[in-house]
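Trainee:
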């Protein structure tokens with residue numbers, strides 16, 4: 256019979272599994288903050304992601320958005336159509352390439368994404384208050400290290416200059 260009062264020895268992957276679970280819980284709570292606001296307008300998390308990136312890079316092309324989100328054109332088409340029809344995003348034709356569709360948030364879209372960002376920023380700011388500047392840089396470096404290395408430069412280019420930090424083991 257096994258002794259249930261005996262603590263098992265740490266396993267090699269225990270720390271990784273604990274971090275995996277923490278990421279699941281952190282993501283669950285991080286995205287839950289804006290869920291009700293989104294639900295009130297008939298949107299979900301996919302709409303939130305599209306609004307976020309279009310708002311952060313006005314004039315981005317549909318192709319650029321597809322590259323960021325790593326989803327199919329078909330998956331994006333439904334969500335984008337709802338955002339355009341609802342007056343949250345505007346599509347304009349590219350001046351150099353008339354086939355290109357450039358995306359912009361409308362005033363209505365900006366109001367919504369500002370509300371969503373405020374909710375999530377409050378959670379992040381509250382969490383970061385307990386860490387020093389060096390620890391905050393370590394947190395950003397860790398999150399970057401979790402992403403595919405081939406994406407590091409692309410991701411760093413999208414961040415505000417004050418928020419970027421070197422990829423693990425590299426100098427800035």
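In our numbering, the protein residues as written are 256 to 427. All residues carry an ideal CB built from backbone N, CA and C; glycine is no exception. Nothing here was measured: the structure is a model prediction, and the numbers come from that model.
State the CB to CB distance for the pair residue 316 and residue 356, rounded to an integer number of angstroms; the pair is presumed to be in contact (CB under 8 Å).
Mentor: Mapped onto the chain shown, residue 316 falls at position 61. Mapped onto the chain shown, residue 356 falls at position 101. With 8 Å as the limit, residue 316 and residue 356 qualify as a contact, their Cβ atoms being about 7 Å apart.
Trainee: Residue 379: buried (16+ other C-beta within 10 angstroms of its C-beta) or exposed?
Mentor: Within the chain shown, the letter at position 124 stands for residue 379. By the neighbour-count rule (16 or more Cβ atoms within 10 Å), residue 379 is not buried but exposed.
Trainee: Could you tell me if residue 306 is buried or exposed, where buried requires 16 or more neighbouring beta carbons within 10 angstroms of its beta carbon?
Mentor: Position 51 of the chain shown holds residue 306. Burial call: buried.
Trainee: Using the Cβ count rule (16 or more neighbours within 10 Å means buried), how would you classify residue 282?
Mentor: By one-based count along the chain shown, residue 282 stands at place 27. Per the 10 Å Cβ criterion, exposed.
Trainee: Out of 340, 286 and 341, point me to the one whose CA is closest to residue 304's CA.
Mentor: Start at 1 with the first residue of the chain shown, and residue 304 comes out as number 49. That would be 286, whose Cα lies nearest to the Cα of residue 304.
Trainee: Just curious, the beta strand (DSSP E) that residue 217 is in, first and last residue?
Mentor: One cannot answer for residue 217 here, as it falls past the ends of the chain, which runs 256 to 427.
Trainee: Does residue 360 pass the burial test, meaning 16 or more other C-beta atoms within 10 Å, or should it be called exposed?
Mentor: To locate residue 360, count along the chain shown from 1; it is residue 105. Under this definition residue 360 is a buried residue.
Trainee: Are the Cβ atoms of residue 330 and residue 373 separated by less than 9 Å?
Mentor: Stepping through the chain shown from its first residue, residue 330 is reached at position 75. Stepping through the chain shown from its first residue, residue 373 is reached at position 118. No, these two residues do not count as a Cβ contact at 9 Å.
Trainee: Any idea if residue 427 is buried or exposed, counting beta-carbon neighbours within 10 angstroms, 16 or more meaning buried?
Mentor: Taking the chain shown and counting its residues from 1, one reaches residue 427 at position 172. Summary for residue 427: the model assigns pLDDT 38, below 50, so the residue's position carries little reliability, and this model does not support an answer.
Trainee: Report back the beta-carbon spacing between residue 364 and residue 344 to the nearest angstrom; my notes put them in contact at under 8 Å.
Mentor: Position 109 of the chain shown, counted from the start, is the residue given in the question as residue 364. Position 89 of the chain shown, counted from the start, is the residue given in the question as residue 344. The Cβ separation is near 5 Å, so the contact holds.
Trainee: Is DSSP giving residue 413 helix, strand or coil here?
Mentor: Along the chain shown, read from residue 1 onward, the residue named residue 413 stands at position 158. Of the three classes helix, strand and coil, the one that applies to residue 413 here is helix, per DSSP.
Trainee: Let's see if you can read the secondary structure: which residues bound the alpha helix (DSSP H) around residue 333?
Mentor: Within the chain shown, numbered from 1, the residue matching residue 333 stands at position 78. Looking at the DSSP string, the run of the alpha helix (DSSP H) that includes residue 333 is 328-340.
Trainee: Are residue 289 and residue 413 touching if we call contact CB-CB under 9 Å?
Mentor: Counting from one through the chain shown, the residue named residue 289 turns up at place 34. Counting from one through the chain shown, the residue named residue 413 turns up at place 158. Contact: no.
Trainee: Tell me which same chain residues have a C-beta within less than 7 Å of the C-beta of residue 405, skipping the five on either side of it?
Mentor: Stepping through the chain shown from its first residue, residue 405 is reached at position 150. Within the same chain, residue 405 has no close Cβ partners at all.
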